[in-house]
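**Student:** Here the sequence shown stands for residues 7 to 375, where the numbers follow this note's numbering.
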Amino acid sequence: MKIKHDNIPVDQIILEDSLEILHKLPDDCVDLIVSSPPYNLGKEYESKQALDIYLQEQTAVLSECSRILKNSGSLFWQVGAFADKGMLIPLDIRFFPILESCGLIPRNRIIWARQHGLHAKKKFSCRHETILWFTKSDSYKFNLDAIRVPQKYQNKKHFRGNRKGELSCNPDGKNPGDIWMFRNVKHNHEEQTVHPCQFPEDLIARIILATTEKNDIVLDPYMGTGTVAVVARDYERHFIGTEIEPKYHQVALRRLSGKPDENGYFPNLKTLRDYVEKTGQSIEKFKFDLQIGNKASERSKAKIYPEEYHLQEMEERLLYEEAAFSASLRGEEIPVDPKLNGNGKKTSPPNQIAKPIEQGEQIQLRLWS
Numbered sequence: 007m008k009i010k011h012d013n014i015p016v017d018q019i020i021l022e023d024s025l026e027i028l029h030k031l032p033d034d035c036v037d038l039i040v041s042s043p044p045y046n047l048g049k050e051y052e053s054k055q056a057l058d059i060y061l062q063e064q065t066a067v068l069s070e071c072s073r074i075l076k077n078s079g080s081l082f083w084q085v086g087a088f089a090d091k092g093m094l095i096p097l098d099i100r101f102f103p104i105l106e107s108c109g110l111i112p113r114n115r116i117i118w119a120r121q122h123g124l125h126a127k128k129k130f131s132c133r134h135e136t137i138l139w140f141t142k143s144d145s146y147k148f149n150l151d152a153i154r155v156p157q158k159y160q161n162k163k164h165f166r167g168n169r170k171g172e173l174s175c176n177p178d179g180k181n182p183g184d185i186w187m188f189r190n191v192k193h194n195h196e197e198q199t200v201h202p203c204q205f206p207e208d209l210i211a212r213i214i215l216a217t218t219e220k221n222d223i224v225l226d227p228y229m230g231t232g233t234v235a236v237v238a239r240d241y242e243r244h245f246i247g248t249e250i251e252p253k254y255h256q257v258a259l260r261r262l263s264g265k266p267d268e269n270g271y272f273p274n275l276k277t278l279r280d281y282v283e284k285t286g287q288s289i290e291k292f293k294f295d296l297q298i299g300n301k302a303s304e305r306s307k308a309k310i311y312p313e314e315y316h317l318q319e320m321e322e323r324l325l326y327e328e329a330a331f332s333a334s335l336r337g338e339e340i341p342v343d344p345k346l347n348g349n350g351k352k353t354s355p356p357n358q359i360a361k362p363i364e365q366g367e368q369i370q371l372r373l374w375s
């Protein structure tokens, strides 16, 4: 159903070229734009264009994005790198002047540390993505209290001066900073769909909660399989999306519907689990697109842990790698990772015992406590 909000069509994902839809939207109508445009790497519907042609096309899109963005609005643009004959060009270097020429103001260069990815042999393996945050003006929305993360020393107090004995940090938590640790949505991630480059829902939630209010409008001109739309809806924001690839468009619509298709399939495990929790139906009745095994429960009982558990695992692994490298440099004994090559038992997820997921049980992924 097509809904209009202040005469702007919202809460729909349109199967059409993004620039065509942007041309039809009025000035100053969108509160937040967040997207991951095609990286020009030759994947699927992307063509292997010359870099200057790619940037010209992006300039046209970003110019329209700036026009439709409200004065208090923000734009988050995830950019990758352009590789040609072994040479790497970080695209954020090229996007900065483009975004500024569109009248936008830089606020942050955010590093999304995802840890896993392809292994390189003649260079350092890429383990991060870059997200650029620009605003339309200096009067932009930013709600830090909505996205605070726990302090390392929550009860630390001033020990001298006029504030002696008072808490030296905000009891509600700290600013999450500009290095964000979120797993990439790949194997054994319950949000995984058929899309190869997918935003984690929690990452989008952080952006939406920080820069919008309820009933604001969020736009993703390269919607993919609908992550931005799903998160916007869950936090009571309106959304507008465009997607040019029919199979991704269909998956996005299925995620929003939250129901199985005529064959009993869901677009991903998370949508299936949410449905089972709401309806009380048996998980054994359904399947999802990237299922392992004959039954949906075969994967959901195996390796799906809360997101905070995976982030803890990532941090522990990074600390171990740094410690092992430092010990090697100094000729010291290299510490042994008890989980190396799968040896040793996995750490239990925080605040719970690692156990199989019962039928119909829904894992609740807490964002930031």
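C-beta: ideal position from N, C-alpha, C; glycine also. These numbers come from a predicted model, not from an experiment.
With C-beta atoms as the reference, is SER72 less than 8 Å away from LYS142?
**Tutor:** The answer is yes: Cβ separation under 8 Å.
**Student:** Under 8 Å between the Cβ atoms of THR231 and ALA258?
**Tutor:** In contact: THR231 and ALA258 (Cβ atoms closer than 8 Å).
**Student:** Using CA atoms only, rank isn't needed, just tell me which of PHE130, LEU124, LEU68 is closest to GLY109.
**Tutor:** Minimum Cα distance to GLY109 is reached at LEU68.
**Student:** In the DSSP assignment, what residue or residues form a beta bridge with TYR254?
**Tutor:** Looking at the DSSP assignment, TYR254 forms no beta bridge with any residue, so it has no partner.
**Student:** Please state the DSSP three-state secondary structure of GLN18.
**Tutor:** The answer is strand: DSSP assigns GLN18 an E or B state.
**Student:** Measure how close the beta-carbons of PHE148 and ALA238 come, nearest whole angstrom, since I'm counting them as under 8 Å.
**Tutor:** About 18 Å separates the two Cβ atoms, so there is no contact after all.
**Student:** Can you give me the Cβ contacts of PRO266 inside the same chain, cut-off strictly under 6 Å, excluding the 5 residues immediately before and after it?
**Tutor:** Excluding positions up to five away in sequence, the list reads PHE272, PHE292.
**Student:** Tell me the DSSP secondary structure of ILE137 in three-state form.
**Tutor:** Note: ILE137 maps to strand in three-state DSSP.
**Student:** Buried or exposed: where does LEU75 fall if 16 or more other Cβ atoms within 10 Å of its Cβ makes it buried?
**Tutor:** The residue in question, LEU75, is buried, as its Cβ has 16 or more Cβ neighbours within 10 Å.
**Student:** What's the C-alpha gap between ASP178 and ASP34?
**Tutor:** About 34 Å.
**Student:** Using a Cβ-Cβ cutoff of less than 7 Å, which residues in the same chain neighbour TYR254 once the five nearest sequence positions on both sides are dropped?
**Tutor:** The residues are HIS201, GLY230, THR231.
**Student:** Is the Cβ-Cβ distance between TRP186 and LEU150 less than 8 Å?
**Tutor:** Their beta carbons are not under 8 Å apart, which means TRP186 does not touch LEU150 by this criterion.
**Student:** Assuming LEU138 and VAL85 form a contact by the criterion Cβ under 8 Å, report the distance between their Cβ atoms to the nearest whole angstrom.
**Tutor:** Rounded, the Cβ-Cβ distance is 6 Å, consistent with contact.
**Student:** Taking the beta strand (DSSP E) that PHE88 falls in, what are its first and last residues?
**Tutor:** Where PHE88 is concerned, the enclosing beta strand (DSSP E) stretches over 87 to 90.
**Student:** Considering SER41, what are the terminal residues of the beta strand (DSSP E) in which it resides?
**Tutor:** Here the beta strand (DSSP E) through SER41 covers 36 to 41.
**Student:** Since ALA87 and LEU81 are thought to touch, with beta carbons under 8 Å apart, how far apart are those beta carbons, to the nearest angstrom?
**Tutor:** Not really, about 20 Å apart at Cβ, beyond 8 Å.
**Student:** Does DSSP classify GLN318 as helix, strand or coil?
**Tutor:** Looking at GLN318 - three-state DSSP - the assignment turns out to be helix.
**Student:** Is LEU97 closer than 8 Å to PHE140 when the C-beta atoms are compared?
**Tutor:** For PHE140 and LEU97, no; Cβs fall outside 8 Å.
**Student:** For TYR51, name the three-state secondary structure that DSSP assigns.
**Tutor:** Below a pLDDT of 50, predicted positions are generally treated as unreliable, and TYR51, at 49, falls in that range; the measurement from the model is reported next regardless. Reduced to three states, the DSSP call for TYR51 is coil.
**Student:** Let me know if GLY183 comes out buried or exposed under the rule of 16 or more other beta-carbons within 10 Å of its beta-carbon.
**Tutor:** Answer is exposed; the Cβ neighbour count stays below 16.
**Student:** Jot down the residue ranges of each uninterrupted alpha helix (DSSP H) in the region 224 to 293, minimum 4 residues, whole runs only, in chain order.
**Tutor:** List check, alpha helix (DSSP H) in window: 233 to 240, 252 to 263, 275 to 285.
**Student:** For ILE340, collect the residues of the same chain with a Cβ closer than 7 Å to its Cβ; drop the 5 residues on either side in sequence, then sort them by chain order.
**Tutor:** If we look at ILE340 and ignore the five residues flanking it on each side, its Cβ neighbours are ALA330, ALA333, SER334.
**Student:** I'd like the span of the alpha helix (DSSP H) that includes LEU97, first residue to last.
**Tutor:** Segment 97 to 107, the alpha helix (DSSP H) holding LEU97.
**Student:** How far does the beta strand (DSSP E) with ARG166 in it extend, from its first residue to its last?
**Tutor:** Note, ARG166: premise wrong, no beta strand (DSSP E); not H, not E.
**Student:** I'd like to know whether the C-beta atoms of PRO252 and LEU21 end up nearer to each other than 8 Å.
**Tutor:** Against a cut-off of 8 Å, the Cβ pair of LEU21 and PRO252 comes out as a contact.
**Student:** Please list, in chain order, all residues of the same chain as LEU61 whose beta carbon is under 7 Å from its beta carbon, the five residues on each side excluded.
**Tutor:** Around LEU61: ARG100, ILE104.
**Student:** Quick one: what's GLN84 bridged to in DSSP?
**Tutor:** GLN84 is bridged to ILE137.
**Student:** Would you kindly check if the distance between the Cβ of LEU275 and the Cβ of ILE246 is under 8 Å?
**Tutor:** The answer is no: Cβ separation not under 8 Å.
**Student:** So the candidates are GLY79, VAL342, GLU290, VAL16; which of them puts its Cα closest to the Cα of ILE39?
**Tutor:** That would be GLY79, whose Cα lies nearest to the Cα of ILE39.
**Student:** What are the start and end residues of the beta strand (DSSP E) that includes ILE116?
**Tutor:** From DSSP, the beta strand (DSSP E) with ILE116 extends over 111 to 119.
**Student:** Identify the residues that DSSP records as bridge partners of VAL191: which are they?
**Tutor:** Answer is none; VAL191 lacks a bridge partner.
**Student:** Going by beta-carbon coordinates alone, are PRO32 and ILE14 separated by less than 8 Å?
**Tutor:** Yes.
**Student:** Would ASP37 and ASP222 be called neighbours here (beta carbons separated by less than 8 Å)?
**Tutor:** Their beta carbons are under 8 Å apart, which means ASP37 touches ASP222 by this criterion.
**Student:** So GLN62 is in the alpha helix (DSSP H); what residue range does that whole segment cover?
**Tutor:** Run containing GLN62: 57 to 74, per the alpha helix (DSSP H) assignment.
**Student:** Given this structure, state the Cα-to-Cα distance separating SER24 from LYS129, to the nearest angstrom.
**Tutor:** Cα to Cα, the separation comes out at about 35 Å.
**Student:** Can you tell me whether VAL191 is buried or exposed, with buried defined as 16 or more other CB within 10 angstroms of its CB?
**Tutor:** Answer is buried; the Cβ neighbour count reaches 16.
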